[in-house]
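Anchor point for the sequence shown: position 34 equals 34 in the UniProt record's numbering, and the numbering is continuous, going up by one each time.
Every residue gets a Cβ at the ideal spot worked out from N, C-alpha and C, and that includes glycine.
This one's a predicted model, so the numbers in the text were calculated from it and none came from an experiment.
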Amino acid sequence: MKLSEARNRKNIVQEDFSHMIDVSLRYYQRLESGKSVPTIKIALRICRILEVSPFDIDEWQDNPTSKE
Numbered sequence: 001m002k003l004s005e006a007r008n009r010k011n012i013v014q015e016d017f018s019h020m021i022d023v024s025l026r027y028y029q030r031l032e033s034g035k036s037v038p039t040i041k042i043a044l045r046i047c048r049i050l051e052v053s054p055f056d057i058d059e060w061q062d063n064p065t066s067k068e
């Protein structure tokens, strides 16, 4: 599942969510685009709020598009 999909399921906009997890909007946008990887602390905050497992977030997997 894409991080943006998980966030949208909770009806939270990027700006509000970035405040909820205590990061800048730009950094959060980089997380959603897969250009940055969160620290464990930030990842756990994200998962707790979105009620998802870190293993379910496509952007955090080694090969999110791999079809092995």
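Check: Using 10 angstroms around the beta-carbon of ILE57, count the other beta-carbons present and answer buried if the total reaches 16, otherwise exposed.; Outcome: buried
Check: May I ask which residues mark the beginning and end of the alpha helix (DSSP H) holding GLU32?; Outcome: 25-33
Check: Can you say whether PRO64 is buried or exposed, counting buried as having 16 or more other CB atoms within 10 angstroms of its CB?; Outcome: Because PRO64 sits at a pLDDT of 49, beneath the cut-off of 50, its placement in the model cannot be relied upon, and the following sentence gives the value as read from the coordinates. PRO64 comes out exposed.
Check: Looking only at C-alpha atoms, which of ALA43, ASN11 and GLU51 sits nearest to TRP60?; Outcome: ALA43
Check: Would you mind reading off the limits of the alpha helix (DSSP H) that contains SER53?; Outcome: Segment: none, SER53 is in no alpha helix (DSSP H) and carries neither H nor E.
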